[in-house]
Every structure is written in structure tokens, then in C-alpha cells.
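Following: one structure in C-alpha cells, then a few remarks.
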Amino acid sequence: MWWLTNIVWVNRRFALTVFAVVCVTLNAVAQELRWPADTPAGVALSIASSGSGKARLYLLGPAGAFRREIQLGQDVQISGRDLSTAGKYLAIVCSDTCKTSVFFVVAAAAANLTFLVHPSRVPAGQQDAISGVIFPFDRFHNLVLDPVAVTFKLSDAGSEVMSNTVPSRNGVSWFRANAGSRAGIEDLLASVGPVSARRVVRLVASDPCNLRIKAQPSKSGIAVETEPVRDCAGNPVPDGTIVTFTETASSGKSTVDAPIKQGIARAQMVGGGRAVISVASGVVLGNEVRVSEGQ
Amino acid sequence: MNRLAPRHIVRLAIAIVAVGLWPASAGLAADIPGLPHVDLAVNAAGPRTVETLTVQSVVRDYQRAWQSLADSFRYGEPTLLSGYFVGPLRTTLSGKVTEEARSGLHSQYLNQSHKLEVVFYAPEGDVMELRDTAEFDLQIADGSKTISREKVVSHYVVLMTPSADRWMVRELQEVRNF
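Protein chains in written order, with this note's numbering: chain A, 1225 to 1519; chain B, 15 to 192.
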């Protein structure tokens, strides 16, 4: 009969082991909350929990942390406000032991655009002179990393100069553009769906083009003045731009800097004897005028 | 309101003094023990090329940003964030530090290592986007009881912008993967 007693004893031991394993498993299951994989920012969650009894929930996100007593077997409510920041959330449920779950909140739809444009003033007609960078953010200031179509439009005095749609990559989209040929205000508009941002760039006249002077005798020497100073696109060069007149004579060289006033720069040179008067503005050289005494 | 133990006060004072001295010790960051390890790759950067001095500055300032983040959580002191975080991100992180301190929770970021990669450097050099694959030990305690401790590999999308003398972290968003 010893073998029969032995079998009963082994079966009882096996049954106890199974019971223990089931208890451990049930305990593990009891702490389980079914979190979503990814959820959009600002959306409230109702999380189903299994098991029974009380437990403590810790939720640690990128913007906050809270601790709350929960009743297992009932749904756990998490408000959208607690889930408004994109990033990783750690949910730790503790009863006898603690179990950690992870889920991610991703940015909601784009609601704001950060639009960086450079420069604020640019000479007309320059190639690749304007650059713009767009970062789309949702209404909770989360960077929208999913690709979105960003449309850039440049317009000059109401007429569209350029329009281009560039998909964002890694949450950023950018462009380069040529400056228009007419001085004035250039509008830049970036839009993602119904959301848009506007910036302006002031186009100023470029370097002078065809800089020409004329000279005539005056009471105190020689009066020189430029023709109306314009860039190559015909934009008047701004008042205040310095024009340099240089007189080279046998007695030496003299230089006068004069600002443009109402489109024209004027200067009074000493004169006397034969001389050559030249003109320059920045890196641009103009014509030369030869004068002699009595002319 | 949690009371700080005297040894924590001393550590907090050291951390505040260290934050104050950081600008003076610029360029030595890599040699200071205890700062997170940061590697930076610039091969994928564009449209602007990242200059060598910029690489050094970004590494130095990103190290210090994470050190100040870890110290801020460790001591429950949001003001430690002000040196290297800016904009809504600083407000968000400060809120989290304050909330954790109020609720008695403590997060600790230990043994940090960061692999940074520049994915975008704006044409005018006024903003840089990076990807960070970070490894650290994250320990979370409720009072004196540790409720979670694990080795974490995290992926962050980072925006940094230059300020007067350093690069500031403007966006730090953790994502599931790149």
C-alpha cells in the first residue's frame, strides 16, 4: 500500500503547486490595466482594469505625475488635461507588487506654426536670399512629428511670385527663395491646412547700376552731381547711401563723401588745372569726367 | 511640503553653485566627471553645415542641460532648469518637478549616456533639430519606497536654439522610435 500513499501524497503536492501558480498568476492579472499603445494629446482615456481589490496607480508623464487609489475591476478615468503633453507615460500599478506599463501620447493636429524668416531686409533681385523654416505645433505646444504638407507662398504687391508645397520631415519644413526685383514689401505665407502664419520681408534697392556724374564750373571750384542713382532693376537707391567723388589732379588727390538726397548725390570739388573726377558707391564704380581750368 | 535632509541641502547648494560656475568653465565640460556622456554626429545635418566650435558647444550644453534636469528632479528644485531650458518646455518640466515634489515622488536619472544626431540645422543657424538615443537608469520612488527601477533606452526629438553664450533646449519630446 506504500505506493498508493505515495501517489496520493504526490498528487496533493502537485495540486498545491498548481494552486500556488494560479494564485500568483491571478495576482499578476489583478494588477493589469490595458493601456493603449499610442494616443493623441488631450484625449481622455478610460482604461479597463481586471481583478479585484484596491491598488495604487502612479502616472508619470512628461509634464506631471500623480498618485491615485483605484478599484481594480472598474474602469480608470484619465482626463485629457493629464495627457496633453506628447511623450512617454509610465503607468505603475501597485498592490502587493508593482507593475509598470508604458504608453505614448503623440501630438494632435497642427494648430500653430512657428515661422522663422531671414533676413528682414534684403536687396532686390538677390538669388536664394530669403530662407524660411516652419515648425508645426499642436494646441498644447507639442511638435507635430507626423509629416504634414506645408505650403509656402511669396507675393509681391498682391501678385503671387512663388508657391511651393513641401512636406515636413522630422517636424520641420524649410525653403529658400529669390528676392523679387521690385523694392517694397514681400509677403510670405506658410500654411498647414487651415492654419497659417504670415511674415514680411522688406526688399530694398540693390547696389547702384550705371552710376554716372556730370560736372560744371562753379564760383568756388567744380560742382559735381550724379544722375538719379538706381539699381539695375530701376529701383531708386535709398537716400543716405554714400557716394564717393574723387578728384585726381597734378596737385594731388581729394575725396568727398556725399549722401544721396532725393536720389541724387552732390559735391563741390576744389578744381584748378586739369583734373579727373571719378565716382563710386560701395563696390560700384561710375564714369570719369575730365575737367580743365576755364571749362 | 517635504523637508530636505541636511545632506540634501548640502548637495542642493553644491548643485546650485555648480550651475552658477558652468559658464566660467566652458570648454571643460567633457573633463568634468559625473556629467552625462554625450556623443554627437553631424553627418546628416543640413541644410547648414555644423561648424566644429558649434559641435563642441552643443555637446557641452546638452550635457549640462541633462545634468540640470537630473539635479532638478533629484532635489525637487525647478529653478535648476532655468540655465539650459527655455520656452514652454521649461514651464512644462518645472511643473513636473514641482508636482513630483508635492506628491512625494522622486525620479532619478542615473548613469546617463546620449547619442545625438543632428537632423536639421537651419540655413541661418538659429535652430537645430537633433535626435537623441538616451540610455539611463530611471529610478522612481514614492517617499522612501522604490516603486520602479529599470534601465531605459529612450528616443528624444530635441530642438535647440542659440542664446547669448550657450545653446538652450527648447523642445524635448520622447517618441517610441525614430
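All residues carry an ideal CB built from backbone N, CA and C; glycine is no exception.
In the DSSP assignment, serine 82(B) falls within the alpha helix (DSSP H) that extends over 66-89. For proline 1483(A), the uninterrupted beta strand (DSSP E) run begins and ends at 1476-1483, by DSSP. Residue state for leucine 95(B) is assigned as helix, using DSSP reduced to three classes.
In this structure, glutamate 149(B) sits near valine 167(B), with a CB-CB distance shorter than 9 Å. Check the Cα spacing between arginine 180(B) and each of Gly97(B), Val52(B), Thr93(B): the tightest is with Gly97(B). In this structure the segment 1350-1365 of chain A does not lie against the segment 122-132 of chain B, because fewer than three pairs of beta carbons, one per stretch, are closer than 8 Å. Residues of the same chain with a CB within less than 6 Å of the CB of isoleucine 154(B), apart from the 5 flanking positions on each side, are Ser121, Ile161, Ser162 in chain order. A straight-line Cα-Cα distance of about 25 Å links serine 1397(A) and lysine 1312(A). If you check the CB distance, alanine 136(B) and leucine 1340(A) come in under 9 Å. For glycine 1275(A), the closest alpha carbon among the candidates Phe1290(A), Ser1308(A), Cys1318(A), Leu1284(A) is that of Cys1318(A). In this structure, DSSP gives valine 141(B) a state outside helix and strand, which the three-state scheme calls coil. If you draw a straight line from the Cα of arginine 184(B) to the Cα of glutamine 81(B), it is about 16 Å long. The distance from the Cβ of proline 1483(A) to that of arginine 1454(A) is about 16 Å, inconsistent with a contact at the 8 Å cut-off. Interface with chain B (9 Å Cβ-Cβ cutoff): serine 1303(A) is excluded. A Cβ-Cβ distance of about 5 Å is found for the pair serine 1387(A) and lysine 1377(A), placing them in contact under the 8 Å criterion. Between the segment 1411-1419 of chain A and the segment 1470-1478 of chain A, the count of Cβ pairs shorter than 8 Å is below three; the stretches do not touch. Closer than 9 Å to the CB of isoleucine 1294(A) there is not a single CB belonging to chain B. The C-beta of leucine 94(B) comes no closer than 9 Å to any C-beta of chain A.
When secondary structure is reduced to three states using DSSP, threonine 105(B) falls in the helix class.
Glycine 1288(A) is not a Cβ neighbour of leucine 1314(A), given a cutoff of 9 Å. Per DSSP, glycine 1464(A) is not a residue of any beta strand (DSSP E), being assigned neither H nor E.
The segment 1505-1515 of chain A and the segment 1423-1432 of chain A touch, with three or more beta-carbon pairs separated by less than 8 Å.
Residue state for alanine 115(B) is assigned as helix, using DSSP reduced to three classes. Counting every other CB atom within 10 Å of its CB across the protein chains shown gives asparagine 1459(A) a total of 16 or more, marking it as buried.
Between asparagine 1394(A) and chain B, the shortest Cβ-Cβ separation is below 9 Å. A Cβ-Cβ distance of about 6 Å is found for the pair threonine 1309(A) and phenylalanine 1364(A), placing them in contact under the 8 Å criterion. Isoleucine 1302(A) is bridged by DSSP to Leu1269(A).
Going by beta carbons, alanine 1401(A) and isoleucine 1358(A) fall outside the 9 Å limit.
The alpha-carbon separation between glycine 60(B) and glutamate 138(B) amounts to approximately 11 Å. Taken through DSSP and simplified to helix, strand or coil, leucine 1369(A) comes out as coil. Per DSSP, the beta bridge partners of glutamine 122(B) are Gln153(B). Per the C-alpha coordinates, the member of His1342(A), Ile1466(A), Gly1476(A) positioned closest to alanine 1504(A) is Ile1466(A). The residues Phe1361, Asp1362, Arg1363, Val1419, in chain order, have a CB closer than 8 Å to that of alanine 1335(A) in the same chain once the five nearest residues on each side in sequence are set aside.
Residue contact check for phenylalanine 1328(A) against chain B: a CB pair falls below 9 Å. In the assembly as shown, arginine 145(B) is a buried residue. Its beta-carbon has 16 or more other beta-carbons within 10 Å. Across the structure, alanine 1499(A) and leucine 1427(A) are spaced so that their CA atoms are roughly 39 Å apart.
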